[in-house]
(Lines of atoms letter the chains of each structure in order from A and count residues from 1; the text may use other names and numbers.)
(Lines give C-alpha, C1' and ligand atoms only; values in the text may rest on other atoms or scores of the structure.)
Protein backbone atom coordinates (compact mmCIF):
# COMPACT_ATOMS: atom_id res chain seq x y z
CA UNK A 1 0.00 0.00 0.00
CA UNK A 2 1.22 3.50 -0.80
CA UNK A 3 2.38 4.94 2.55
CA UNK A 4 1.55 8.48 1.43
CA UNK A 5 -2.08 7.58 0.74
CA UNK A 6 -3.67 4.96 2.89
CA UNK A 7 -7.35 5.96 3.05
CA UNK A 8 -9.91 8.05 1.19
CA UNK A 9 -12.60 10.02 3.01
CA UNK A 10 -15.64 11.33 1.18
CA UNK A 11 -18.10 14.10 1.77
CA UNK A 12 -21.69 13.10 0.96
CA UNK A 13 -24.00 15.90 -0.18
CA UNK A 14 -22.97 17.56 -3.41
CA UNK A 15 -20.03 15.20 -3.88
CA UNK A 16 -21.50 11.69 -4.04
CA UNK A 17 -25.21 12.50 -4.12
CA UNK A 18 -26.85 15.39 -5.93
CA UNK A 19 -28.63 16.82 -2.91
CA UNK A 20 -27.09 20.27 -2.35
CA UNK A 21 -29.31 21.73 -5.06
CA UNK A 22 -32.27 19.91 -3.52
CA UNK A 23 -31.55 21.47 -0.14
CA UNK A 24 -31.18 24.93 -1.63
CA UNK A 25 -34.42 24.53 -3.57
CA UNK A 26 -36.24 23.39 -0.42
CA UNK A 27 -34.94 26.41 1.48
CA UNK A 28 -35.95 28.81 -1.28
CA UNK A 29 -39.41 27.25 -1.58
CA UNK A 30 -39.93 27.45 2.18
CA UNK A 31 -38.94 31.11 2.22
CA UNK A 32 -41.26 31.94 -0.66
CA UNK A 33 -44.18 30.16 0.99
CA UNK A 34 -43.65 32.33 4.07
CA UNK A 35 -43.13 35.56 2.12
CA UNK A 36 -39.46 35.81 3.08
CA UNK A 37 -36.73 37.00 0.71
CA UNK A 38 -33.37 35.21 0.84
CA UNK A 39 -30.32 36.86 -0.70
CA UNK A 40 -28.57 34.68 -3.32
CA UNK A 41 -25.31 35.05 -1.37
CA UNK A 42 -26.97 33.51 1.68
CA UNK A 43 -27.77 30.37 -0.29
CA UNK A 44 -24.14 30.10 -1.42
CA UNK A 45 -22.89 30.61 2.13
CA UNK A 46 -25.11 27.79 3.41
CA UNK A 47 -23.71 25.13 1.06
CA UNK A 48 -21.94 22.42 3.06
CA UNK A 49 -23.10 23.63 6.47
CA UNK A 50 -24.72 21.40 9.07
CA UNK A 51 -28.35 21.92 10.07
CA UNK A 52 -27.22 23.58 13.30
CA UNK A 53 -24.95 26.01 11.47
CA UNK A 54 -27.66 26.62 8.86
CA UNK A 55 -30.16 27.64 11.51
CA UNK A 56 -27.57 29.83 13.25
CA UNK A 57 -26.77 31.54 9.94
CA UNK A 58 -30.45 32.22 9.23
CA UNK A 59 -30.90 33.62 12.74
CA UNK A 60 -28.02 36.03 12.10
CA UNK A 61 -29.69 37.38 8.96
CA UNK A 62 -33.39 37.19 9.79
CA UNK A 63 -35.52 37.73 12.89
CA UNK A 64 -35.22 34.56 14.95
CA UNK A 65 -38.88 33.61 14.70
CA UNK A 66 -38.82 34.04 10.92
CA UNK A 67 -35.54 32.15 10.62
CA UNK A 68 -36.86 29.19 12.58
CA UNK A 69 -40.07 29.09 10.52
CA UNK A 70 -38.10 29.05 7.25
CA UNK A 71 -35.73 26.42 8.62
CA UNK A 72 -38.43 24.05 9.91
CA UNK A 73 -40.52 24.36 6.76
CA UNK A 74 -37.54 23.70 4.52
CA UNK A 75 -36.36 20.71 6.56
CA UNK A 76 -39.78 19.09 6.38
CA UNK A 77 -39.92 19.49 2.61
CA UNK A 78 -36.35 18.26 2.21
CA UNK A 79 -36.93 15.15 4.31
CA UNK A 80 -40.10 14.35 2.38
CA UNK A 81 -38.28 14.54 -0.95
CA UNK A 82 -35.46 12.32 0.33
CA UNK A 83 -37.97 9.69 1.39
CA UNK A 84 -40.14 9.78 -1.72
CA UNK A 85 -38.08 10.94 -4.72
CA UNK A 86 -35.03 9.43 -6.38
CA UNK A 87 -31.72 10.59 -4.93
CA UNK A 88 -29.40 11.07 -7.92
CA UNK A 89 -25.77 10.01 -7.72
CA UNK A 90 -23.08 12.37 -8.95
CA UNK A 91 -21.59 11.21 -12.27
CA UNK A 92 -18.44 9.16 -11.84
CA UNK A 93 -18.87 8.18 -8.20
CA UNK A 94 -19.52 4.47 -8.75
CA UNK A 95 -16.46 3.77 -10.97
CA UNK A 96 -14.30 5.62 -8.43
CA UNK A 97 -15.68 3.68 -5.48
CA UNK A 98 -15.43 0.36 -7.32
CA UNK A 99 -11.78 1.07 -8.09
CA UNK A 100 -10.99 1.97 -4.47
CA UNK A 101 -12.79 -1.18 -3.31
CA UNK A 102 -10.74 -3.28 -5.73
CA UNK A 103 -7.61 -1.63 -4.33
CA UNK A 104 -8.83 -2.51 -0.81
CA UNK A 105 -8.11 1.06 0.28
CA UNK A 106 -10.03 2.00 3.45
CA UNK A 107 -12.93 4.38 2.85
CA UNK A 108 -15.14 6.52 5.07
CA UNK A 109 -17.82 9.18 4.84
CA UNK A 110 -17.48 12.46 6.76
CA UNK A 111 -20.69 14.46 6.44
CA UNK A 112 -22.20 17.41 8.27
CA UNK A 113 -25.59 15.80 7.70
CA UNK A 114 -27.31 14.37 10.77
CA UNK A 115 -27.05 10.60 11.20
CA UNK A 116 -30.69 9.83 10.39
CA UNK A 117 -30.51 11.67 7.05
CA UNK A 118 -27.02 10.42 6.24
CA UNK A 119 -28.17 6.82 6.66
CA UNK A 120 -31.27 7.51 4.59
CA UNK A 121 -29.18 8.86 1.70
CA UNK A 122 -26.54 6.14 1.88
CA UNK A 123 -29.10 3.33 2.07
CA UNK A 124 -31.49 4.62 -0.58
CA UNK A 125 -28.64 5.12 -3.08
CA UNK A 126 -26.84 1.86 -2.23
CA UNK A 127 -23.66 3.74 -1.34
CA UNK A 128 -23.67 2.23 2.15
CA UNK A 129 -22.13 -0.97 0.78
CA UNK A 130 -18.91 0.91 0.02
CA UNK A 131 -18.42 2.45 3.45
CA UNK A 132 -17.83 0.46 6.63
CA UNK A 133 -17.28 3.77 8.41
CA UNK A 134 -19.31 6.96 8.33
CA UNK A 135 -19.31 9.95 10.68
CA UNK A 136 -22.30 12.30 10.83
CA UNK A 137 -22.63 15.90 11.87
CA UNK A 138 -24.46 15.15 15.12
CA UNK A 139 -21.67 12.83 16.27
CA UNK A 140 -18.88 15.40 16.71
CA UNK A 141 -18.52 18.57 18.83
CA UNK A 142 -18.16 20.86 15.80
CA UNK A 143 -19.02 20.41 12.13
CA UNK A 144 -17.32 21.73 9.01
CA UNK A 145 -15.31 23.93 8.60
CA UNK A 146 -13.98 22.53 11.90
CA UNK A 147 -11.81 19.41 11.36
CA UNK A 148 -13.69 17.16 13.82
CA UNK A 149 -15.56 15.05 11.26
CA UNK A 150 -12.43 14.25 9.31
CA UNK A 151 -10.34 13.58 12.39
CA UNK A 152 -12.94 11.16 13.74
CA UNK A 153 -13.29 9.39 10.39
CA UNK A 154 -9.52 8.90 10.17
CA UNK A 155 -9.41 7.63 13.75
CA UNK A 156 -12.19 5.13 13.01
CA UNK A 157 -10.21 3.86 10.03
CA UNK A 158 -7.02 3.71 12.09
CA UNK A 159 -5.15 5.86 9.57
CA UNK A 160 -3.25 9.05 10.45
CA UNK A 161 -4.87 12.11 8.84
CA UNK A 162 -1.67 12.95 6.99
CA UNK A 163 -2.07 9.69 5.04
CA UNK A 164 -5.70 10.37 4.09
CA UNK A 165 -7.04 12.06 0.99
CA UNK A 166 -10.40 13.80 1.31
CA UNK A 167 -12.82 14.49 -1.52
CA UNK A 168 -15.05 17.53 -1.09
CA UNK A 169 -17.34 19.73 -3.14
CA UNK A 170 -17.79 22.75 -0.86
CA UNK A 171 -15.30 25.33 0.39
CA UNK A 172 -16.25 24.76 4.04
CA UNK A 173 -15.69 21.03 3.59
CA UNK A 174 -12.33 21.53 1.94
CA UNK A 175 -11.31 23.85 4.79
CA UNK A 176 -12.27 21.15 7.28
CA UNK A 177 -10.16 18.50 5.54
CA UNK A 178 -7.16 20.83 5.31
CA UNK A 179 -7.55 21.75 8.98
CA UNK A 180 -7.42 18.03 9.78
CA UNK A 181 -4.06 17.80 8.03
CA UNK A 182 -5.32 15.92 4.97
CA UNK A 183 -4.78 16.48 1.30
CA UNK A 184 -8.00 17.37 -0.44
CA UNK A 185 -9.40 17.06 -3.95
CA UNK A 186 -12.16 19.57 -4.57
CA UNK A 187 -14.93 18.71 -7.02
CA UNK A 188 -17.08 21.86 -6.93
CA UNK A 189 -20.83 21.51 -7.10
CA UNK A 190 -22.65 24.79 -6.42
CA UNK A 191 -19.81 26.99 -5.13
CA UNK A 192 -16.32 27.37 -6.56
CA UNK A 193 -13.34 27.49 -4.17
CA UNK A 194 -11.53 30.77 -3.75
CA UNK A 195 -8.15 31.08 -5.50
CA UNK A 196 -6.43 30.77 -2.11
CA UNK A 197 -8.30 27.59 -1.23
CA UNK A 198 -7.73 26.12 -4.69
CA UNK A 199 -3.98 26.61 -4.28
CA UNK A 200 -4.04 24.58 -1.06
CA UNK A 201 -5.87 21.66 -2.67
CA UNK A 202 -4.18 18.66 -4.22
CA UNK A 203 -6.43 19.30 -7.23
CA UNK A 204 -9.63 21.05 -8.24
CA UNK A 205 -11.52 18.83 -10.67
CA UNK A 206 -14.59 19.59 -12.79
CA UNK A 207 -16.04 16.15 -12.10
CA UNK A 208 -15.42 12.90 -10.25
CA UNK A 209 -14.11 11.40 -13.49
CA UNK A 210 -11.15 13.78 -13.35
CA UNK A 211 -10.74 13.19 -9.61
CA UNK A 212 -10.52 9.46 -10.37
CA UNK A 213 -7.67 10.14 -12.80
CA UNK A 214 -5.85 12.27 -10.23
CA UNK A 215 -6.01 9.46 -7.70
CA UNK A 216 -4.90 6.88 -10.25
CA UNK A 217 -1.92 9.07 -11.05
CA UNK A 218 -0.77 9.02 -7.44
CA UNK A 219 0.08 5.34 -7.57
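Residue numbers (our numbering): 1 to 219. Note that beta-carbon positions come from the ideal geometry of N, C-alpha and C, so glycine has one too.
Is the CB-CB distance between residue i and residue j below 8 Å?
{"i": "residue 12", "j": "residue 118", "result": "yes"}
{"i": "residue 120", "j": "residue 134", "result": "no"}
{"i": "residue 10", "j": "residue 167", "result": "yes"}
{"i": "residue 91", "j": "residue 207", "result": "yes"}
{"i": "residue 193", "j": "residue 203", "result": "no"}
{"i": "residue 150", "j": "residue 176", "result": "yes"}
{"i": "residue 82", "j": "residue 71", "result": "no"}
{"i": "residue 34", "j": "residue 56", "result": "no"}
{"i": "residue 197", "j": "residue 112", "result": "no"}
Taking residue i as part of the alpha helix (DSSP H), name the residues at either end of that continuous run.
{"i": "residue 214", "result": "208 to 217"}
{"i": "residue 62", "result": "First-last for residue 62: undefined, no H or E at that position."}
{"i": "residue 107", "result": "It is not in any alpha helix (DSSP H) - residue 107 instead sits in the beta strand (DSSP E) that spans 107 to 110."}
{"i": "residue 135", "result": "Where residue 135 is concerned, there is no enclosing alpha helix (DSSP H), although the beta strand (DSSP E) it sits in stretches over 133 to 135."}
{"i": "residue 175", "result": "171 to 179"}
{"i": "residue 165", "result": "Where residue 165 is concerned, there is no enclosing alpha helix (DSSP H), although the beta strand (DSSP E) it sits in stretches over 164 to 168."}
{"i": "residue 7", "result": "Counting along the chain, residue 7 falls outside any alpha helix (DSSP H), though it belongs to the beta strand (DSSP E) covering 7 to 10."}
{"i": "residue 98", "result": "93 to 102"}
{"i": "residue 196", "result": "195 to 200"}
{"i": "residue 150", "result": "148 to 157"}
To the nearest angstrom, how far is it from the Cα of residue i to the Cα of residue j?
{"i": "residue 5", "j": "residue 106", "result": "10 Å"}
{"i": "residue 124", "j": "residue 89", "result": "11 Å"}
{"i": "residue 52", "j": "residue 195", "result": "28 Å"}
{"i": "residue 159", "j": "residue 213", "result": "23 Å"}
{"i": "residue 73", "j": "residue 30", "result": "6 Å"}
{"i": "residue 290", "j": "residue 36", "result": "Because the chain here runs from 1 to 219, residue 290 falls outside it and cannot be looked at."}
{"i": "residue 65", "j": "residue 38", "result": "15 Å"}
{"i": "residue 161", "j": "residue 8", "result": "10 Å"}
{"i": "residue 211", "j": "residue 28", "result": "31 Å"}
{"i": "residue 131", "j": "residue 40", "result": "34 Å"}
{"i": "residue 115", "j": "residue 218", "result": "32 Å"}
Residue i by DSSP, collapsed to three states: which one?
{"i": "residue 17", "result": "strand"}
{"i": "residue 113", "result": "coil"}
{"i": "residue 36", "result": "coil"}
{"i": "residue 183", "result": "strand"}
{"i": "residue 22", "result": "helix"}
{"i": "residue 70", "result": "helix"}
{"i": "residue 142", "result": "coil"}
{"i": "residue 27", "result": "helix"}
{"i": "residue 49", "result": "coil"}
{"i": "residue 203", "result": "strand"}
Can you check whether the C-beta of residue i is within less than 8 Å of a C-beta belonging to chain D?
{"i": "residue 47", "result": "Looking for chain D here will not work: only one protein chain is present."}
With a threshold of 8 Å, are at least 3 pairs of Cβ atoms found where one atom belongs to the segment 186 to 202 and the other to the segment 141 to 158? Too few Cβ pairs lie closer than 8 Å, so no.
The segment 74 to 84 in contact with the segment 138 to 150 per 3-pair CB rule at 8 Å: In this structure the segment 74 to 84 does not touch the segment 138 to 150; the number of beta carbon pairs closer than 8 Å is below three.
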